[in-house]
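Trainee:
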Amino acid sequence: MNIISGRCIWITGASSGLGKALAIQLAEAGNFIIASARSQSALTELALLYPGKIKILPLDVSRNLDAKETAAKIRETTDYLDMVICAAGICEYEDDLKFNPDMYERTLDVNFLGVVRVLNIAMPLLKKAQTRPQFVAISSLSSCVGLPRAEAYGASKAALNYFMQSLRVDLSKIALDLSVVRPGFIATNLVKQNDFPMPFMMTPDVAARRIIKGIAERRFSIDLPYRLSWLLRTWGFFFSAWCAWVAPRITRIHQW
Ligand SMILES: NC(=O)c1ccc[n+]([C@@H]2O[C@H](COP(=O)([O-])OP(=O)(O)OC[C@H]3O[C@@H](n4cnc5c(N)ncnc54)[C@H](OP(=O)(O)O)[C@@H]3O)[C@@H](O)[C@H]2O)c1
Numbered sequence: 001m002n003i004i005s006g007r008c009i010w011i012t013g014a015s016s017g018l019g020k021a022l023a024i025q026l027a028e029a030g031n032f033i034i035a036s037a038r039s040q041s042a043l044t045e046l047a048l049l050y051p052g053k054i055k056i057l058p059l060d061v062s063r064n065l066d067a068k069e070t071a072a073k074i075r076e077t078t079d080y081l082d083m084v085i086c087a088a089g090i091c092e093y094e095d096d097l098k099f100n101p102d103m104y105e106r107t108l109d110v111n112f113l114g115v116v117r118v119l120n121i122a123m124p125l126l127k128k129a130q131t132r133p134q135f136v137a138i139s140s141l142s143s144c145v146g147l148p149r150a151e152a153y154g155a156s157k158a159a160l161n162y163f164m165q166s167l168r169v170d171l172s173k174i175a176l177d178l179s180v181v182r183p184g185f186i187a188t189n190l191v192k193q194n195d196f197p198m199p200f201m202m203t204p205d206v207a208a209r210r211i212i213k214g215i216a217e218r219r220f221s222i223d224l225p226y227r228l229s230w231l232l233r234t235w236g237f238f239f240s241a242w243c244a245w246v247a248p249r250i251t252r253i254h255q256w
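Everything in the sequence shown is counted per this note's numbering, starting at 1 for the first residue and increasing by one.
(1) Please state whether DSSP places W10 in a helix, a strand or coil.
(2) Which residue wins for smallest C-alpha separation from P197, given the options V206, A207, I186?
(3) Flag T188 as yes when its Cβ comes closer than 7 Å to any non-hydrogen atom of ligand 1, and as no otherwise.
(4) Let me check you understand the geometry: is the CB of D60 closer than 7 Å to at least one non-hydrogen atom of ligand 1?
(5) Exposed or buried, V180, counting other C-beta atoms within 10 Å across all chains shown (16 or more means buried)?
(6) Taking the alpha-carbon of S16 as reference, which of T203, A129, S5 has the nearest alpha-carbon?
(7) Kindly indicate which three-state DSSP category P183 falls into: helix, strand or coil?
(8) So the alpha helix (DSSP H) L126 belongs to, where does it begin and stop?
(9) Going by the CB atoms, is the gap between A88 and V110 shorter than 8 Å?
(10) Taking DSSP's pairing of strands, which residues face V136 in a bridge?
(11) On the three-state DSSP scale, how would you describe I90?
(12) Do S229 and L141 have their C-beta atoms closer together than 8 Å?
(13) Could you give the C-beta distance for A152 and Y104, rounded to a whole number, given that I count them as a contact under 8 Å?
(14) Quick test of your reading: S156 and L108, contact by CB under 8 Å. State the CB separation rounded to the nearest angstrom.
(15) Pull up the distance between the alpha-carbon of I257 and that of K173, whole angstroms please.
(16) For S143, is the classification buried or exposed, using 16 other Cβ atoms within 10 angstroms of its Cβ as the cut-off for buried?
(17) DSSP on K157, reduced to helix/strand/coil?
(18) For I253 and D96, what's the separation of their Cα atoms in angstroms?
(19) Would you kindly work out how many angstroms separate the C-alpha atoms of F135 and K98, rounded to a whole number?
(20) Classify F163: buried if its beta carbon has 16 or more other beta carbons within 10 angstroms, exposed otherwise.
(21) When every heavy atom of ligand 1 is checked, does at least one fall within less than 7 Å of the C-beta of P183?
(22) Quick check: is any heavy atom of ligand 1 less than 7 Å from the C-beta of L224?
(23) Have a look at W242, C243, A207 and flag the residue whose alpha-carbon is nearest the alpha-carbon of Y226.
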C-alpha cells in the first residue's frame with residue numbers, strides 16, 4: 001500500500017475544514033507540516049496538538065501575499081518541500097445577477113491566483129525535494145457543470161482545473177506529480193451558508209482520508225464522492241438536457 005510519510009508538506013487553508021483535516025492526518029502519519037492560513041490563533045491551536053510536527057506560517061494567499069517575505073520565512077524552516085497542498089478557498093454566491101466585479105475578483109484572487117502564487121513561491125523548494133515532489137490543488141465538483149449562483153466560485157475552480165491540466169502537459173518530462181482534487185459537499189465552514197440540499201455530504205475526516213489515498217497513488221484526478229462525481233460529470237456531458245430539465249427547477253431567477 002502507498003503511504004505518505006517522512007515528507008515535508010506545505011498546506012494552505014490549514015486553519016479549518018478540509019485543510020486542517022489533511023494537516024492532522026498527514027502529521028499523524030509522520031510527515032512534517034507547514035500549515036498556512038490567515039488565522040494565526042487557529043493555526044497555533046493546531047500546532048499545539050502536534051508539537052514538532054506542525055510549524056505554522058500565517059499568510060494571506062490573495063494579492064496581499066508578499067512572495068519574498070513568505071519564501072524567506074519558509075527557508076527559515078526548510079530548504080526543500082516534498083509536497084504542497086493548496087486548500088485555501090472561499091465561496092461567495094451570485095445572488096441577484098448584479099455581476100459585482102469585486103466579488104468575482106475576490107473569489108478568483110484566492111481560489112485561482114492564490115494557487116499560482118503559492119506555486120511560484122514553492123517551485124524552487126519543490127525542485128530540491130527529498131522524494132519525487134507533488135503539487136496538489138483543491139478544486140471542486142461544482143466545476144463539472146453550471147450550477148445556480150456559482151458563476152464566480154465555479155469559474156474559479158474551472159480555471160484551476162484548466163491551469164493544472166495545462167501544467168501537466170508542460171511538466172510531462174519533469175519529475176513533479178500533480179493532482180487536482182474535486183470534492184463534492186464537505187461539512188465545513190464553507191458550506192454553512194448553503195440553504196439547499198447537499199447530497200452525499202462527507203465529513204472533513206472522511207474526505208481527507210480519501211484525498212490522501214489518491215495523492216499517495218499519485219493520481220492526477222481525485223474526484224469524491226464517486227456517486228456525485230459520476231452524476232455531475234454525466235450531466236456536464238449532456239449539458240443541453242441539464243439546461244432543459246434541471247436548470248428551471250434549481251434557478252432562483254424568475255424574471256429580469
Ligand atoms: N466544503 C465543501 O463542500 C467543498 C467542496 C468542494 C471544494 N471545497 C474546497 O475545499 C477547500 C477547503 O475549504 P473548506 O471546505 O475546508 O472550507 P473552510 O473550512 O472555510 O476552509 C477554508 C480555508 O481557507 C483559508 N483561507 C480562506 N481565505 C484565505 C486567504 N485569503 N489566504 C489564506 N487562507 C485563506 C481559511 O483560513 P483563514 O480564514 O484562517 O484564512 C481556511 O483555512 C477550498 O478550496 C474549497 O473551495 C470545499
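Think of the CB as a built atom: it goes at the ideal place given N, C-alpha and C, for glycine as much as any other residue.
Mentor: Reading from the atomic positions:
(1) Under the three-state reduction of DSSP, W10 is assigned to strand.
(2) Among V206, A207, I186, the Cα nearest to that of P197 belongs to I186.
(3) Checking every heavy atom of ligand 1 against the Cβ of T188, one is found closer than 7 Å.
(4) Set against 7 Å, the gap from the CB of D60 to the closest heavy atom of ligand 1 is smaller.
(5) By the beta-carbon neighbour count (other beta carbons within 10 angstroms, threshold 16), V180 is buried.
(6) Comparing Cα positions, the closest option is T203.
(7) Here P183 sits in strand by DSSP.
(8) For L126, the uninterrupted alpha helix (DSSP H) segment begins and ends at 114-126.
(9) In contact: V110 and A88 (Cβ atoms closer than 8 Å).
(10) The partner list for V136 (beta bridge, DSSP) reads I85, S179.
(11) I90 falls in the coil class under three-state DSSP.
(12) Yes, they are a contact pair.
(13) Going by Cβ atoms, the distance from A152 to Y104 rounds to 5 Å, so yes, they are a contact pair.
(14) Their Cβ separation, rounded to whole angstroms, is 5 Å, which keeps S156 and L108 in contact under 8 Å.
(15) Examination of residue 257 is not possible in this model, given that the chain is present from 1 through 256 alone.
(16) Buried.
(17) DSSP places K157 within a helical segment (H, G or I) once states are collapsed to three.
(18) For I253 and D96, the distance between alpha carbons rounds to 8 Å.
(19) Annotation: F135 to K98 spans about 36 Å, alpha carbon to alpha carbon.
(20) It counts as buried.
(21) Here the distance from the Cβ of P183 to the nearest heavy atom of ligand 1 is below 7 Å.
(22) Result no, Cβ not under 7 Å from ligand 1.
(23) Nearest C-alpha to Y226: A207.
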